[in-house]
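Student: The following block contains the structure, expressed as structure tokens.
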Amino acid sequence: MDNWKDNRSVFWTLAGPGTFWLLVFFILPLGFLFVMSFSDKAIINGEVSITEYDYLTGISNYIRSVDTLYLTIIWKSIWVSALATVLCLLTAYPIAFGICFASEKWKPLLLLLVVLPFWINLLIRTYALIAVFRSQGYVNLALGAVGLGPYDMLYNNFAVIFGLVYVYMPFMVLPLYATIERLDKSYLEASLDLGASQFTTFLKVTIPLTMPGIITGVILVFIPCLGSFLTPDLLGGANAIMIGNVIERQFKAANDWPFGAALSFMLMYATFAALMLRAFLAKRSAGVDV
Amino acid sequence: MTTFRPKFSPSRRTLLKGTGAMFAGLTLLPRFSLAEEEKKLNLYNWDTYIGETTLADFTAATGVEAKMDLFADNDELFAKLKGGNPGYDVIVPTNDMLERMIKANMVMPLDHAKIPNMANIDKPFQDAAFDPGRKHSIPYMWGTLGVGYRKSKVEGGVVDSWKILLDSDKYAGRLSLLGDAQNVIGVALKYLGHSFNSVDAAELKKAEDLLIAQKKYVKVFADDNGQDLLASGEVDVCQEWNGDIIQVMAEDEDIAYAVPTEGSLVWQDTMAIPTGAPHPENAHAFLNFVLDAKAGAHIADTIKFATANAGAKAIMDKSYTENTSIFPPAEIVAKCEPGLYLGEEATKVRDEIWTRVQAA
Chain A
1401 MDNWKDNRSV FWTLAGPGTF WLLVFFILPL GFLFVMSFSD KAIINGEVSI TEYDYLTGIS
1461 NYIRSVDTLY LTIIWKSIWV SALATVLCLL TAYPIAFGIC FASEKWKPLL LLLVVLPFWI
1521 NLLIRTYALI AVFRSQGYVN LALGAVGLGP YDMLYNNFAV IFGLVYVYMP FMVLPLYATI
1581 ERLDKSYLEA SLDLGASQFT TFLKVTIPLT MPGIITGVIL VFIPCLGSFL TPDLLGGANA
1641 IMIGNVIERQ FKAANDWPFG AALSFMLMYA TFAALMLRAF LAKRSAGVDV
Chain B
6 MTTFRPKFSP SRRTLLKGTG AMFAGLTLLP RFSLAEEEKK LNLYNWDTYI GETTLADFTA
66 ATGVEAKMDL FADNDELFAK LKGGNPGYDV IVPTNDMLER MIKANMVMPL DHAKIPNMAN
126 IDKPFQDAAF DPGRKHSIPY MWGTLGVGYR KSKVEGGVVD SWKILLDSDK YAGRLSLLGD
186 AQNVIGVALK YLGHSFNSVD AAELKKAEDL LIAQKKYVKV FADDNGQDLL ASGEVDVCQE
246 WNGDIIQVMA EDEDIAYAVP TEGSLVWQDT MAIPTGAPHP ENAHAFLNFV LDAKAGAHIA
306 DTIKFATANA GAKAIMDKSY TENTSIFPPA EIVAKCEPGL YLGEEATKVR DEIWTRVQAA
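Here is the structure:
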């Protein structure tokens, strides 16, 4: 491949739009939030201003955000997200496998079915879940027909986790599908020929070889789960609050952008820490992982 | 703060959080103003909160083309205008949000000479503590916060106290409270005999303790769909706005609404002109049009909220003017308080209490 320096005009033509996009729609807003997280509302004539800020005043927002109250909520959000991610993985893996081993005729259709929910807005899909799970919803109607229930399935942690798994499943299936599709099936055959059981083959050959897809999927699901606020808001009960809800409230009802920004960055730092931990572990187990 | 919804809607307002923002974002509005104002008006309103033909009638009467964008709650309205007016001429904030916006210079003073129909405003609404002299706003609709309940499921079929929602395990798992700090903490204070707008730390602490103790019996903090939960049998008692409950009462005779005897919140939605409005002349004309008796009656007839337009009320049907869910008895209204804008610090204190209640 040519060195980019030999073809500067081509390089910049191609890199320009992407760089512009990243700069204007990602770096700048994020930078603004970063500055905001070190700022405070201005005090004008002895009153806290509604719209004005004193920029870069210190780390008071971060100090406030490490209060046990917020740490507990962050910790709870991490747990909920982790559980949802694991459940996503456990359900998505067989689905991805199934698609890969389906006949060529069916593959595009099955993949389409995975992507199809994206055509519908998240909010509307969540409302659809409400219709399915509420006391007089479709599930309870069906159970009622065979003399069971009705069960309370909405407004509790089960509903939140189910909602998260449902919404983020495609993000897990697609990277898994991509790696399983590339998996060289002769390795599996070799493993079986050499006397390994199906289970051992899966554990010792399939899983390590598809690890890149698993890791990508886990990251793609875990991170948006951590910041979600709509799902706990609509499906959760009185205990459903996640850190995303607290952050949303700071930007709206509480009108406390500096604190909201600080909480967002706390969450981002936590995510970075997790990613770095992963990179560190990957290095130690050198080779198998990607 | 409240909407009047057609039947099947799961919660149109929440839906609008996404779509309303999207449309508003897409609308590119001119910022320049000409000597002669162009014949346009941009209204920023709640969903289902204007007469069916009001905008068309206004165009017919004045030749001004009126467009409407929708917001889902006061916070969205505020957040949208905080960074500068994106081109709206008339907005519909609730009283405490209006007060905040006046303090932040986000709304323009009105020229009363251009709104002769202000004479139609009902006596109690001609002046307001949150907007002395009505310098910045006209009253639009008003109402109360109360308890919606299923008559056949509550003892005696009548509710007259916040106790059922805030201090009792009788209907454990069958209760819903609103999902915002101000109104839940406010009624807890009211139940304890304090002011809805208290900023006293000890009183707030008692309210917090009450809510944390009650929380295990509460099924959900419903953002704004308590009436749907009630109608679908998900809960038997909910904290809700009168207009929302009246709407489901029309479909289900077993549902009733009451303002507890401890008192509650009385709210008032207002119309105001945001600073930087591109068509202030047309905006004044629109406010005047809304206060017209016939136009006002048409709006009230569509949305069934209590109008502050005496001219309109005078020509309305008795089924509307004598409906106690719309116009509660005067002695009950007397016990209710308007929500005040308490300042940024007090907002922060309440937000932290609310986070603690939800996380407990």
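Which chain is which? The protein sequence lines are A and B, in order. For the first sequence, the numbering used here gives the first residue as 1401, with consecutive numbering after it. For the second sequence, the numbering used here gives the first residue as 6, with consecutive numbering after it. No residue lacks a Cβ here, since even glycine has one placed at the ideal position from N, Cα and C. Owing to the predicted nature of the structure, the values given are computational and were not obtained by experimental measurement.
Who are the near neighbours of residue 320/B in its chain, counting only those whose CB is closer than 8 Å to its CB and skipping five residues on each side?
Tutor: Mapped onto the second sequence, residue 320/B falls at position 315. Excluding sequence neighbours, residue 320/B sits near 298, 299, 302.
Student: Check each residue of the segment 1535-1562 of chain A: if its Cβ is closer than 8 Å to any Cβ of chain B, include it; give the result in chain order.
Tutor: The residues in question are 1535, 1536, 1552, 1554, 1555.
Student: Output needed in chain order: residues of the segment 1465-1488 of chain A with a Cβ under 7 Å from some Cβ in chain B.
Tutor: Result list: 1469, 1472, 1473.
Student: Distance check for residue 1449/A and residue 350/B, CA to CA, integer angstroms please.
Tutor: In the second sequence, counting from the first residue as 1, residue 350/B sits at position 345. In the first sequence, counting from the first residue as 1, residue 1449/A sits at position 49. Those two C-alpha atoms are separated by around 10 Å.
Student: Can you tell me the Cα-Cα spacing of residue 289/B and residue 126/B, whole angstroms?
Tutor: For the purposes of this step, residue 289/B is taken as residue 284 along the second sequence, with counting starting at 1. For the purposes of this step, residue 126/B is taken as residue 121 along the second sequence, with counting starting at 1. Near 15 Å, if we compare the C-alpha coordinates of residue 126/B and residue 289/B.
Student: According to DSSP, residue 223/B sits in a beta bridge with which residue or residues?
Tutor: Mapped onto the second sequence, residue 223/B falls at position 218. Partner(s): 180/B.
Student: Just to confirm before moving on: does the CB-CB distance between residue 156/B and residue 259/B stay below 8 Å?
Tutor: Position 151 of the second sequence, counting from 1, holds the residue named residue 156/B. Position 254 of the second sequence, counting from 1, holds the residue named residue 259/B. Yes, the Cβ-Cβ distance between residue 156/B and residue 259/B is below 8 Å.
Student: Please list the residues of the segment 238-256 of chain B that have a C-beta atom closer than 8 Å to any C-beta atom in chain A, keeping them in chain order.
Tutor: Answer in chain order: 238, 239.
Student: To the nearest angstrom, report how far apart residue 74/B and residue 51/B are at their CA atoms.
Tutor: By one-based count along the second sequence, residue 74/B stands at place 69. By one-based count along the second sequence, residue 51/B stands at place 46. Distance between the alpha carbons of residue 74/B and residue 51/B is about 8 Å.
Student: Among the residues of its own chain, which have a CB less than 6 Å from the CB of residue 67/B, if the five just before and after it don't count?
Tutor: The residue given as residue 67/B occupies position 62 in the second sequence. Counting only Cβ-Cβ distances below 6 Å, and skipping sequence neighbours, we find 290.
Student: Report yes or no: do the segment 263-277 of chain B and the segment 136-145 of chain B share at least 3 C-beta pairs separated by less than 8 Å?
Tutor: Yes: the two stretches touch, three or more of their Cβ pairs being nearer than 8 Å.
Student: Can you give the Cα-Cα distance for residue 322/B and residue 150/B, rounded to whole angstroms?
Tutor: The residue labelled residue 322/B in the question sits at position 317 within the second sequence. The residue labelled residue 150/B in the question sits at position 145 within the second sequence. The alpha-carbon atoms of residue 322/B and residue 150/B are separated by roughly 24 Å.
Student: Taking 8 Å as the CB-CB limit, is residue 363/B close to chain A?
Tutor: Within the second sequence, the letter at position 358 stands for residue 363/B. So, interface residue.
Student: Pick helix, strand or coil for residue 366/B, following the three-state DSSP scheme.
Tutor: This structure cannot speak to residue 366/B, because chain B is shown only from 6 to 365.
Student: Does the pairing of the segment 1644-1653 of chain A with the segment 1612-1620 of chain A give three or more beta-carbon distances under 8 Å?
Tutor: These segments do not touch.
Student: Is it the case that the Cβ atoms of residue 133/B and residue 184/B are separated by a distance below 8 Å?
Tutor: By one-based count along the second sequence, residue 133/B stands at place 128. By one-based count along the second sequence, residue 184/B stands at place 179. Contact flag unset, no.
Student: Counting along the chain, where does the beta strand (DSSP E) carrying residue 244/B start and finish?
Tutor: Position 239 of the second sequence holds residue 244/B. First-last of the beta strand (DSSP E) with residue 244/B: 242-246.
Student: Rounded to whole angstroms, what is the Cα-Cα separation between residue 1574/A and residue 1584/A?
Tutor: Start at 1 with the first residue of the first sequence, and residue 1574/A comes out as number 174. Start at 1 with the first residue of the first sequence, and residue 1584/A comes out as number 184. Spanning the two alpha carbons is a distance of roughly 18 Å.
Student: Using a Cβ-Cβ cut-off of 6 Å (strictly less than) and excluding sequence neighbours within five positions of residue 1555/A, which residues of its own chain qualify?
Tutor: As a position in the first sequence, residue 1555/A is number 155, starting the count at 1. Taken in chain order, the residues that qualify are 1637.
Student: Thinking C-beta only, is residue 236/B closer than 8 Å to residue 208/B?
Tutor: In the second sequence, residue 208/B corresponds to position 203, counting from 1. In the second sequence, residue 236/B corresponds to position 231, counting from 1. Taking 8 Å as the Cβ cut-off, residue 208/B and residue 236/B do not qualify as a contacting pair.
Student: Locate the alpha helix (DSSP H) running through residue 1650/A, then write down its first and last residues.
Tutor: As a working mapping, residue 1650/A is identified with position 250 in the first sequence. 1643-1651 is the extent of the alpha helix (DSSP H) around residue 1650/A.
Student: By the 10 Å Cβ neighbour count, where 16 or more other Cβ atoms means buried, how is residue 1410/A classified, buried or exposed?
Tutor: Residue mapping note: residue 1410/A aligns to position 10 of the first sequence, counting from 1. By the neighbour-count rule (16 or more Cβ atoms within 10 Å), residue 1410/A is not buried but exposed.
Student: For residue 279/B, write down the residues that DSSP places opposite it in a beta bridge.
Tutor: As a working mapping, residue 279/B is identified with position 274 in the second sequence. Answer is 112/B, bridged to residue 279/B.
Student: Please compile the residues from chain A whose C-beta is within a distance smaller than 8 Å of the C-beta of residue 168/B.
Tutor: Walking along the second sequence from the start, residue 168/B turns up at place 163. Within 8 Å Cβ-Cβ: nothing; residue 168/B doesn't reach chain A, min ~18 Å.
Student: Under three-state DSSP, which class holds residue 155/B?
Tutor: Within the second sequence, the letter at position 150 stands for residue 155/B. Residue 155/B: strand per DSSP, three-state reduction.
Student: Identify, in the order they occur along the chain, each residue of the same chain with its Cβ nearer than 6 Å to the Cβ of residue 359/B, setting aside the five sequence neighbours on each side.
Tutor: One-based indexing of the second sequence puts residue 359/B at position 354. Hits under 6 Å: 186.
Student: Could you tell me which chain B residues have their CB closer than 9 Å to the CB of residue 1651/A, listed as they occur along the chain?
Tutor: In the first sequence, counting from the first residue as 1, residue 1651/A sits at position 251. Near residue 1651/A (Cβ distances below 9 Å), the residues of chain B are 80, 84.
Student: Under 8 Å between C-beta atoms, does residue 59/B make it to chain A?
Tutor: On the second sequence, residue 59/B is found 54 positions in, with the first residue counted as 1. It does not; no Cβ of chain A falls within 8 Å.
Student: Tell whether a beta-carbon distance below 8 Å holds between residue 1629/A and residue 1464/A.
Tutor: By 1-based counting over the first sequence, the position of residue 1629/A is 229. By 1-based counting over the first sequence, the position of residue 1464/A is 64. No, Cβ-Cβ distance for residue 1629/A and residue 1464/A is not below 8 Å.
Student: Counting only the same chain and skipping the five closest in sequence on each side, list residues whose C-beta sits under 7 Å from that of residue 333/B.
Tutor: Position 328 of the second sequence holds residue 333/B. Hits under 7 Å: 149, 264.
Student: By the criterion of Cβ-Cβ separation under 7 Å, what are the contact partners of residue 1637/A in chain B?
Tutor: The count along the first sequence starts at 1 and reaches residue 1637/A at position 237. Neighbours of residue 1637/A on chain B, chain order: 224, 225.
Student: Please report the residue range of the alpha helix (DSSP H) in which residue 132/B lies.
Tutor: Stepping through the second sequence from its first residue, residue 132/B is reached at position 127. Premise fails: residue 132/B is in no alpha helix (DSSP H) and is neither H nor E.
Student: In the segment 325-337 of chain B, which residues sit with their C-beta less than 9 Å from some C-beta in chain A, listed in chain order?
Tutor: The segment 325-337 of chain B vs chain A, Cβ under 9 Å: nothing.
Student: Can you look up residue 1589/A in the DSSP assignment and give me helix, strand or coil?
Tutor: As a position in the first sequence, residue 1589/A is number 189, starting the count at 1. Helix, per DSSP.
Student: Indicate the three-state DSSP secondary structure (helix, strand or coil) for residue 1698/A in the structure shown.
Tutor: The question about residue 1698/A has no answer, for chain A in this structure spans 1401 to 1690.
Student: Taking residue 1646/A as the query, report the chain B residues whose CB atoms sit under 7 Å from its CB, ordered along the chain.
Tutor: Counting from 1 along the first sequence, the entry for residue 1646/A is found at position 246. Going along chain B in sequence order, the residues near residue 1646/A (Cβ under 7 Å) are 360.
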